Amino acid sequence: MKFQPSVFRAEFPSLQSDSIYLDSASTSLKPQVMIDATNHYYTHNTATILRSKHSTALALTEQFEQARILTAKLINAEHSHEIIWTKGATESLNLIAQSHARYLLKEDDEIIISELEHHSNLIPWLQVAQQIGVKVIKWSIEEDGSLSTDRLLTLITDKTRIITVTQMSNVTGFKPDIAKISDIAHQHNAIIVVDGAQGIVHQAIDVKKYNIDFYVFSAHKLYGPTGLGVLYGKSDLLTKMDCGQGGGKMLKSASFTGFQPADLPYKFEAGTPNIAGALGFHATLKWLFALDTEAAEAYTNKLVNDCRAKLIEAIPQLKIISVADSSILTFALPHIHHDDISILLAEQNIAIRAGELCAQPLIKALGFPGVIRASFMPYNNIDDTNHLISGLQSAIDILK
Ligand code: PLP
Numbered sequence: 067m068k069f070q071p072s073v074f075r076a077e078f079p080s081l082q083s084d085s086i087y088l089d090s091a092s093t094s095l096k097p098q099v100m101i102d103a104t105n106h107y108y109t110h111n112t113a114t115i116l117r118s119k120h121s122t123a124l125a126l127t128e129q130f131e132q133a134r135i136l137t138a139k140l141i142n143a144e145h146s147h148e149i150i151w152t153k154g155a156t157e158s159l160n161l162i163a164q165s166h167a168r169y170l171l172k173e174d175d176e177i178i179i180s181e182l183e184h185h186s187n188l189i190p191w192l193q194v195a196q197q198i199g200v201k202v203i204k205w206s207i208e209e210d211g212s213l214s215t216d217r218l219l220t221l222i223t224d225k226t227r228i229i230t231v232t233q234m235s236n237v238t239g240f241k242p243d244i245a246k247i248s249d250i251a252h253q254h255n256a257i258i259v260v261d262g263a264q265g266i267v268h269q270a271i272d273v274k275k276y277n278i279d280f281y282v283f284s285a286h287k288l289y290g291p292t293g294l295g296v297l298y299g300k301s302d303l304l305t306k307m308d309c310g311q312g313g314g315k316m317l318k319s320a321s322f323t324g325f326q327p328a329d330l331p332y333k334f335e336a337g338t339p340n341i342a343g344a345l346g347f348h349a350t351l352k353w354l355f356a357l358d359t360e361a362a363e364a365y366t367n368k369l370v371n372d373c374r375a376k377l378i379e380a381i382p383q384l385k386i387i388s389v390a391d392s393s394i395l396t397f398a399l400p401h402i403h404h405d406d407i408s409i410l411l412a413e414q415n416i417a418i419r420a421g422e423l424c425a426q427p428l429i430k431a432l433g434f435p436g437v438i439r440a441s442f443m444p445y446n447n448i449d450d451t452n453h454l455i456s457g458l459q460s461a462i463d464i465l466k
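Residue numbers for the sequence shown follow my numbering, beginning at 67 and rising by one.
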């Protein structure tokens with residue numbers, strides 16, 4: 067389907083209000099197809115899956131598994147059983163940390179973590195460090211905010227077991243060279259974990275081509291429902307991992323002396339899963355596969371580049387923090403508190419995000435107490451960017 071901005075925009079019912087939504091990196095707006103699928107499940111078709119054998123349950127189980135198959139296709143996983151449903155990127159990363167790292171690593175093994183990371187890809191590893199004494203090694207950013215693979219090479223030792231990195235920073239929009247980092251990791255017998263929470267929304271990913279060991283993301287940032295996430299792992303790694311939570315349907319047999327875990331993917335999916343979420347995401351993915359995502363992304367990046375240029379001209383004191391050709395525009399205003407801007411924009415019905423953006427170490431390294439982030443999707447338009455510019459100007463006038 068050819069990308070037509072106004073047609074695309076019309077698919078999002080919440081845009082019929084007069085608020086300007088520039089906070090999509092926090093969560094994206096939802097297309098009507100996703101809302102309809104969720105509504106249909108709760109209105110007409112409610113049943114549990116993978117258990118009951120009545121016809122509705124069987125049909126829903128089939129659709130639930132189709133969502134897994136389409137997710138595998140989205141990231142080009144070899145097998146759909148390598149897709150584990152979680153409640154979000156955060157839970158996926160915690161699962162890798164607790165069921166892979168805590169279970170299989172030893173004291174003094176090393177985990178390299180980039181300084182670009184969201185707290186979700188830092189705290190779970192710090193917890194493992196506290197629990198079993200593995201060492202967390204910081205891969206610092208360069209002065210321009212990028213990550214250098216030369217620097218990475220100076221950090222790797224024969225104790226390095228994991229290198230974990232974001233596909234796209236939620237603060238700067240920087241996209242590390244995942245293919246190169248993956249090569250380096252494997253040359254040194256380490257594995258690579260990629261946090262795709264932001265990246266999957268703006269850049270195609272191929273876990274096979276890039277030889278990615280673990281990849282995570284959340285459906286809600288990719289036009290899907292909240293409460294649904296994905297953990298991709300290579301089969302052999304998932305097979306060796308501890309299953310994490312225990313409960314219904316994650317086992318083959320159970321007695322009072324023990325249990326035998328189920329095969330992949332079910333050994334990680336104890337209890338009733340997020341059925342409505344998976345069905346909503348199934349509808350999202352079918353819709354997304356029909357979209358020319360490259361054209362949509364090019365449109366967004368141009369919109370943001372133009373907005374960036376106009377902002378620099380209109381507000382010369384503004385310090386741009388995000389990279390060019392990105393869907394996010396992050397900046398700071400010297401002597402003006404980010405929360406004041408956020409509140410004054412909110413009063414004009416403009417939604418942005420301000421503060422540390424769940425990345426305290428990165429914000430500190432960048433040298434700001436907090437930042438202001440406007441984040442865009444292909445449903446945004448030039449009216450939105452014009453509102454942002456005039457809204458900022460009037461906020462600055464008030465604060466003067
Ligand atoms: N990683 C990055 C880069 C993010 O931007 C976010 C959310 O903003 C997360 C991880 C965590 O995602 P979630 O809160 O959906 O688990």
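Glycine is no exception: its CB is placed at the ideal position from the N, C-alpha and C atoms. No experiment lies behind these values; they were computed from the predicted model shown.
Presumed contact (8 Å Cβ cut-off) between residue i and residue j, rounded CB distance
i, j, result
"A412", "N236", "Actually they are not in contact, since the Cβ atoms of A412 and N236 sit about 20 Å apart, beyond 8 Å."
"P458", "I381", "Before going further, note that residue 458 is Leu rather than Pro in the sequence given. L458 to I381, Cβ: 6 Å. Contact."
"Y445", "F69", "Y445 to F69, Cβ: 11 Å. No contact."
"L465", "I402", "6 Å"
"I228", "I150", "Actually they do not touch by this definition, with Cβ atoms about 18 Å apart."
"G211", "S392", "Not quite, the Cβ-Cβ distance comes to about 12 Å (not below 8 Å), so this is no contact."
"A256", "T292", "About 33 Å separates the two Cβ atoms, so there is no contact after all."
"T230", "V273", "The Cβ separation is near 15 Å, so there is no contact."
"I247", "L218", "7 Å"
"A398", "N371", "Actually they are not in contact, since the Cβ atoms of A398 and N371 sit about 19 Å apart, beyond 8 Å."
"T396", "I462", "About 17 Å separates the two Cβ atoms, so there is no contact after all."
Cβ shell of residue i (< 6 Å), same chain only, five flanking positions each side left out
i, result
"S146", "R134, I135 and A138"
"N160", "P190"
"C424", "H184 and H185"
"G39", "Look at the range of the chain in this structure, 67 to 466, and you will see that residue 39 is not part of it."
"Q414", "G457"
"T58", "Residue 58 lies beyond the residue range present for the chain, which begins at 67 and ends at 466; the question has no answer from this structure."
"A195", "V202"
"G343", "P291, G293 and L294"
"A103", "L345, G346 and A349"
"S319", "Q326"
Sequence-distant residues of the same chain with beta carbon closer than 7 Å to residue i, five excluded per side
i, result
"Q129", "L345 and H348"
"G310", "L161, Q164, S165 and F334"
"H268", "M234, E363 and S393"
"L192", "V202"
Residues sharing a beta bridge with residue i, DSSP
i, result
"W205", "S180"
"D89", "S441"
"L395", "A440"
"K385", "A398"
"R374", "Answer is none; R374 lacks a bridge partner."
"K417", "It should be pointed out that residue 417 corresponds to Ala in this sequence rather than to Lys. Paired residue(s): Y87."
Beta-carbon contacts of residue i that lie in its chain and below 8 Å, excluding the five residues immediately before and after
i, result
"I266", "L140, I141, Q233, F283, K287 and L288"
"L357", "M67, F69 and F74"
"K376", "T451 and I455"
Item to complete: Quick one: which unbroken alpha helix (DSSP H) runs of 4-plus residues sit fully inside the stretch 143 to 172? Chain order, please.
Response: If we require 4 residues or more, the alpha helix (DSSP H) runs fully inside the stretch 143 to 172 come out as 155 to 161.
Item to complete: Could you name each continuous alpha helix (DSSP H) segment of 4 residues or more that falls completely within the stretch 215 to 298, going from the start of the chain to the end?
Response: Runs of the alpha helix (DSSP H) lying entirely within the stretch 215 to 298, each at least 4 residues long, are 215 to 221, 244 to 253 and 265 to 268 in chain order.
Worksheet item: Do the stretch 358 to 372 and the stretch 108 to 125 meet, that is, are 3 or more Cβ pairs less than 8 Å apart?
Response: Touching, no.
Fill in: Inside the stretch 289 to 358 only - alpha helix (DSSP H) runs reaching at least 4 residues
With a minimum length of 4 residues, the continuous alpha helix (DSSP H) runs that stay inside the stretch 289 to 358 are 301 to 306 and 341 to 355.
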